[in-house]
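J.: First the structure, then my questions, so here it is.
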Amino acid sequence: VWLFVGAACLPLPVVRSPTLSNSTHTCFSDLGVKQLSPGASIALVTVAELFGFVIPFGIIACCTWKMRRSLRECPARPQNAGEKEKALRMVSMCAAVFFVCFTPYHINFPFFMMVIENIIRDCALHRGTLRFHPISLCLASLNCCLDPVLYYFMTSEFQAQLLHHSC
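Sequence positions in the sequence shown follow the UniProt record's numbering and run 1 to 167.
Take a look at the structure:
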């Protein structure tokens, strides 16, 4: 999955550059974008969306569905029922975190590119897209923080400590 995402992101540093920005203090979301031909822009957005989101999301959704089905079909002894339920929750939460973090960015990205290429001229859509872009980037970056936190809070050691201290 991450090889697809990495390959899809390779063109992005090429079309973005700090030398294209008007500011001396520039974060990644404010980097200037090289003007591309309409064909190159469409190809870039299509490749980025397919390999950077649609295919990884499809793989994650399919694997999540298969793991959940496998866990549900496998008979569990009564003492393992809690572990099985915890595994089901973990699989579902990982997929949900991916969806919540990356979907807003990948919905906004085609609009953002159309704004940058001056295809979108509607003032409200133009402004909304540019305002939402850094928010969607923050959400996408949040995935790196949420996954380890999710794994930590789902561990049996953490849950045992929580139960021990709440009694």
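For glycine and all other residues, C-beta sits at the position ideal for the given N, C-alpha and C.
These numbers come from a predicted model, not from an experiment.
1) Label Y151 either buried or exposed according to how many other C-beta atoms from any shown protein chain fall within 10 Å of its C-beta, with 16 as the threshold for buried.
2) Which residues in the same chain as H126 place their Cβ atom closer than 6 Å to its Cβ, once the five residues preceding and following it in sequence are excluded?
3) Of the choices C94, A87, A140, A124, whose alpha-carbon is the least far from that of G52?
4) To the nearest angstrom, how far is the alpha carbon of G82 from that of L71?
5) Of the residues L50, N80, A87, which one's Cα is nearest the Cα of K66?
6) Within its chain, find whatever has a CB closer than 8 Å to the CB of S92; leave out the 5 residues flanking it on each side and keep chain order.
7) What residue from V97, E73, L50 has the CA that sits closest to residue 173's CA?
8) Going by alpha carbons, who is nearest to F153 out of D122, M90, F109?
9) Using the rule of at least 16 other Cβ atoms within 10 Å of the residue's Cβ for burial, across every protein chain shown, is G56 buried or exposed?
10) Tell me whether A48 is buried or exposed, calling it buried when 16 or more other Cβ atoms sit within 10 Å of its Cβ.
11) What number of angstroms, rounded off, separates the C-alpha of L36 from the C-alpha of C123?
12) According to DSSP, is E83 part of a helix, a strand, or is it coil?
T.: To lay it out plainly:
1) Numbered from 1 along the sequence shown, position 151 holds the residue referred to as residue 151. For Y151, the number of other beta carbons within 10 angstroms of its own is below 16, and it is reported as exposed.
2) Residue numbering aside, residue 126 sits at position 126 when the sequence shown is read from its first letter. V115, I120.
3) Along the sequence shown, read from residue 1 onward, the residue named residue 52 stands at position 52. Measuring from the Cα of G52, the nearest candidate turns out to be A140.
4) For the purposes of this step, residue 82 is taken as residue 82 along the sequence shown, with counting starting at 1. For the purposes of this step, residue 71 is taken as residue 71 along the sequence shown, with counting starting at 1. Each residue's alpha carbon lies about 12 Å from the other.
5) Residue mapping note: residue 66 aligns to position 66 of the sequence shown, counting from 1. The shortest Cα separation from K66 among L50, N80, A87 belongs to A87.
6) Residue 92 sits at position 92 when you count from the first residue of the sequence shown. Counting only Cβ-Cβ distances below 8 Å, and skipping sequence neighbours, we find T64, R68.
7) Nothing can be reported for residue 173: it is not among the residues displayed for the chain, which extend from 1 to 167.
8) For this step, residue 153 is matched to residue 153 along the sequence shown. It is M90 whose Cα lies nearest to the Cα of F153.
9) Residue 56 sits at position 56 when you count from the first residue of the sequence shown. The sequence given here has Pro at residue 56, not Gly. By the 16-neighbour rule on beta-carbons within 10 angstroms, P56 is buried.
10) Taking the first residue of the sequence shown as 1, we reach residue 48 at position 48. With 16 or more Cβ atoms within 10 Å of its Cβ, A48 is classed as buried.
11) Taking the first residue of the sequence shown as position 1, residue 36 is located at position 36. Taking the first residue of the sequence shown as position 1, residue 123 is located at position 123. Pairing L36 with C123, the inter-Cα distance amounts to about 22 Å.
12) The residue given as residue 83 occupies position 83 in the sequence shown. Helix, per DSSP.
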